[in-house]
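Asker: This is the structure I have questions about; it appears just below.
Chains as they are written, first to last, in this note's numbering: chain A, 1365 to 1507; chain B, 501 to 645.
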């Protein structure tokens, strides 16, 4: 339970310039992991009325990075995270609603982390896209 | 091959892709051939994923590759056909360098009635020194076809 602005939460709240440029913000937390969202706007729109696949990919990737950062922090680690690859599946068109994404670390190893993330809009049970990412981990030098 | 006689990627990108997400990220037309389209993404500080290094987030690169590969289907068809991305995989060879333009070449290598198969390379000007390789599929939304 998070009763105050914890260290892990502070880590989870760190978003890079690209996330701010896309209007991403932290919607809330589930088991320490941040749910990241953006509202529908011109900057995320692909064909009229729909969220761009690339904009969805960016959100899924940010959710995956954030989840991994939190899981590493909870394990007392601050490794450098290097994405090796990402595979995105698009299940439904994203419409003119707020889009949410949450990452899940499937496995945290010494060198590799396998991470998934999921995106949805009004109905959590109806995913609009999902992604799988593999990360190479490198312990931070000087630790 | 149908060629691009009825589909002009440059005009399309300037008329359509400069709006919405593409315009927000800031990638534009660079070059094209019979079955490929290359876009260009200038480095901007708003697109950075790691402030300590100035390296771009990969989101903007994925967006550009999604568009470049999508356009390559229409280039190969020689016409527009409504489609959506079914899946896209990106393998990162190395980080994009700060302050350098990233080019995204998308190529369509097979078109079936329902599915178009694409691949692509993100690079800094040398296709043999890639930043990323991508592979994906698009599903045809023109059900009357």
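The beta-carbon is built from N, C-alpha and C at its ideal position, and this holds for glycine as well.
1. For residue 583 of chain B, which of helix, strand or coil comes out of DSSP?
2. Quick one: which chain A residues come within Cβ less than 7 Å of residue 592 of chain B?
3. Among A:1499, A:1450, A:1503, which has the Cα closest to the Cα of residue 1493 of chain A?
4. Less than 7 Å between C-beta atoms, sequence neighbours within five positions excluded: which residues of the same chain meet that for residue 1408 of chain A?
5. Would residue 1425 of chain A pass as an interface residue toward chain B - the criterion being a Cβ-Cβ separation below 9 Å?
6. Evaluate contact between the region 605-618 of chain B and the region 634-641 of chain B, counting only Cβ atoms and requiring at least three cross-stretch pairs below 8 Å.
7. Is the beta carbon of residue 564 of chain B less than 9 Å from the beta carbon of residue 527 of chain B?
8. Determine, for residue 621 of chain B, whether the minimum Cβ-Cβ distance to residues of chain A falls below 9 Å.
9. Using 8 Å as the threshold, is the region 1497-1505 of chain A in touch with the region 561-575 of chain B, meaning 3 or more CB pairs across them?
10. How far does the beta strand (DSSP E) with residue 537 of chain B in it reach, from first residue to last?
11. Could you tell me which of A:1380, A:1455, A:1442, A:1435 sits nearest to residue 1395 of chain A, measuring between CA atoms?
12. Looking at the structure shown, is residue 642 of chain B part of a helix, part of a strand, or coil, going by DSSP?
13. Please go through the same chain and pick out, in chain order, the residues whose beta-carbon is closer than 8 Å to the beta-carbon of residue 609 of chain B, but skip the five residues on each side of it.
14. Within 9 Å (strictly less), CB to CB, does residue 514 of chain B reach chain A?
15. According to DSSP, which residues form a beta bridge with residue 1495 of chain A?
16. Could you please tell me which residues of the region 551-562 of chain B, in chain order, have their CB closer than 8 Å to any CB of chain A?
17. Quick check: what's the CA-CA separation for residue 604 of chain B versus residue 622 of chain B?
18. Using a Cβ cut-off of 9 Å (strictly closer), state whether residue 1478 of chain A contacts chain E.
19. Using only alpha-carbon positions, find the residue among A:1504, A:1429, A:1454 that is nearest to residue 1474 of chain A.
20. How would you write the range of the alpha helix (DSSP H) that residue 560 of chain B sits in, first residue to last?
21. How about residue 1453 of chain A: is its C-beta nearer than 9 Å to some C-beta of chain B?
22. Using 9 Å as the threshold, is the C-beta distance between residue 1425 of chain A and residue 559 of chain B below it?
23. What are the boundary residues of the alpha helix (DSSP H) that residue 511 of chain B is part of?
24. Can you give the Cα-Cα distance for residue 591 of chain B and residue 1429 of chain A, rounded to whole angstroms?
25. Ignore the nearest five residues each way along the sequence and tell me which others in residue 1405 of chain A's own chain have a CB closer than 7 Å to its CB.
26. With a threshold of 16 other CB atoms inside 10 Å of the CB of residue 1412 of chain A, please say whether the residue is buried or exposed.
27. Could you check whether residue 1483 of chain A and residue 1431 of chain A sit closer than 9 Å to each other, using their CB atoms as the reference points?
28. Can you tell which of B:541, B:533, B:575 has the C-alpha that lies nearest to the C-alpha of residue 518 of chain B?
29. Along chain A, in chain order, which residues have C-beta atoms closer than 7 Å to that of residue 577 of chain B?
Answerer: Reading off the structure:
1. strand
2. 1447, 1448, 1449
3. A:1450
4. 1386, 1402, 1415, 1416, 1419
5. yes
6. yes
7. yes
8. no
9. no
10. 536-541
11. A:1435
12. coil
13. 535, 617, 618, 619
14. no
15. A:1452, A:1481
16. 551, 556, 557, 558, 559, 560, 562
17. 4 Å
18. In the structure shown, chain E does not exist; the protein chains are A and B.
19. A:1504
20. 558-577
21. yes
22. yes
23. 509-512
24. 16 Å
25. 1387
26. exposed
27. no
28. B:541
29. Here the premise fails: no neighbours, minimum Cβ distance about 17 Å.
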